[in-house]
Amino acid sequence: MSVSVWRGGATGSFQSYSVKVEDNQTVLDVVAWIQQYADPTLSYRYACRVGMCGSCAMMVNGTPRWTCRTHVNKVLVDGKMEIAPLRNLPVIKDLATDMDPFFEKWVAAEGFHHPTQTRHDPIEPISPTSEDRVEANAGIECINCSVCYAACDTVAGNPDYLGPAALQRAWSVYNDSKDANKLAILDAVSGVGGCHNCHSQGSCTVHCPNELNPMAAIAGLKRETARNFFKRRK
Numbered sequence: 019m020s021v022s023v024w025r026g027g028a029t030g031s032f033q034s035y036s037v038k039v040e041d042n043q044t045v046l047d048v049v050a051w052i053q054q055y056a057d058p059t060l061s062y063r064y065a066c067r068v069g070m071c072g073s074c075a076m077m078v079n080g081t082p083r084w085t086c087r088t089h090v091n092k093v094l095v096d097g098k099m100e101i102a103p104l105r106n107l108p109v110i111k112d113l114a115t116d117m118d119p120f121f122e123k124w125v126a127a128e129g130f131h132h133p134t135q136t137r138h139d140p141i142e143p144i145s146p147t148s149e150d151r152v153e154a155n156a157g158i159e160c161i162n163c164s165v166c167y168a169a170c171d172t173v174a175g176n177p178d179y180l181g182p183a184a185l186q187r188a189w190s191v192y193n194d195s196k197d198a199n200k201l202a203i204l205d206a207v208s209g210v211g212g213c214h215n216c217h218s219q220g221s222c223t224v225h226c227p228n229e230l231n232p233m234a235a236i237a238g239l240k241r242e243t244a245r246n247f248f249k250r251r252k
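Take any residue in the sequence shown, count from 1 to its spot, add 18: that is its number in this note's numbering.
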């Protein structure tokens with residue numbers, strides 16, 4: 019097969035490699051083969067190889083995917099395949115992107131726990147079937163692979179937009195009954211680049227490898243920020 023791989027930084031170009039097709043071959047296998055046997059200068063990122071870390075995410079034929087879980091026979095078109103770094107993130111080199119902007123937005127969305135107690139207090143039991151807990155659990159399997167971020171056209175057109183992963187995390191924390199500062203979350207996600215910038219196109223949900231629904235989480239934030247706005251105006 020002929021594999022076109024992005025080389026260089028933001029102003030790089032595609033370079034073609036001839037790679038033998040093997041049984042049960044993943045896209046990550048192809049990238050690793052190129053780096054090991056064809057061009058040792060190729061840079062890319064991976065860790066677990068089993069769909070647990072998400073660090074091997076790349077653009078495959080223009081679609082963001084976990085390359086360790088993407089089999090070649092599913093994406094090969096006429097014996098050809100194109101592999102590029104994730105969209106919407108700065109390119110460090112070749113297939114490796116700078117994840118700092120992604121995680122900075124995760125923090126900017128207040129997607130972290132605001133404790134109500136100290137480590138010395140007894141652990142408060144939370145019913146796993148309570149409405150809030152069920153809502154929080156819906157997005158808890160996000161591993162911050164940035165596939166949804168790369169798929170999002172709103173991020174592509176608005177660099178200030180917090181993005182689906184950060185907003186989904188904010189929604190999970192907002193629904194955690196142990197969180198002490200829900201207003202801080204609503205303020206963070208209702209400002210410039212917040213949840214109301216989402217156009218509800220749904221690319222984040224379509225492409226999430228863990229089958230999560232960031233669009234539903236963003237819709238929840240839109241409702242709660244609107245309610246909070248009118249409450250404050252009374």
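Glycine included, every Cβ here is placed at the ideal spot set by N, Cα and C.
Residues bridged to residue i (per DSSP)
i	result
residue 33	23
residue 82	77
residue 13	Any question about residue 13 goes unanswered here, given that the chain covers just 19 to 252.
Pick from the options that is closest to residue i, judged by C-alpha positions
i	options	result
residue 175	234, 107, 136, 183	107
residue 180	232, 78, 193	232
residue 91	132, 117, 75, 48	48
residue 73	19, 242, 152, 161	161
residue 184	125, 83, 138	125
residue 230	34, 139, 155	155
residue 20	34, 109, 26	34
residue 189	223, 242, 173, 146	242
residue 112	41, 130, 100	100
residue 168	96, 209, 196, 226	226
residue 87	237, 148, 246, 46	46
residue 219	159, 173, 26, 94	173
residue 94	22, 250, 240	22
residue 122	110, 97, 193, 164	164
residue 25	103, 56, 50	103
Span of the beta strand (DSSP E) around residue i
i	result
residue 98	98-102
Host alpha helix (DSSP H) of residue i (start-end)
i	result
residue 56	Neither: residue 56 is in no alpha helix (DSSP H) and is coded neither H nor E.
residue 181	Careful: residue 181 lies outside any alpha helix (DSSP H) and carries neither H nor E.
residue 174	171-175
Coarse secondary structure for residue i, derived from DSSP in three states
i	result
residue 217	coil
residue 95	strand
residue 267	Absent from the model: residue 267. The displayed extent of the chain is 19 to 252, so no value can be given.
residue 190	helix
residue 249	helix
residue 208	helix
residue 200	helix
residue 72	coil
residue 235	helix
residue 224	helix
residue 49	helix
Below-8 Å beta-carbon distance, residue i vs any chain B residue
i	result
residue 191	No chain B appears in the structure shown, which is made up of a single protein chain.
Whole beta strand (DSSP E) elements within the region 110-168, 3-residue minimum
none
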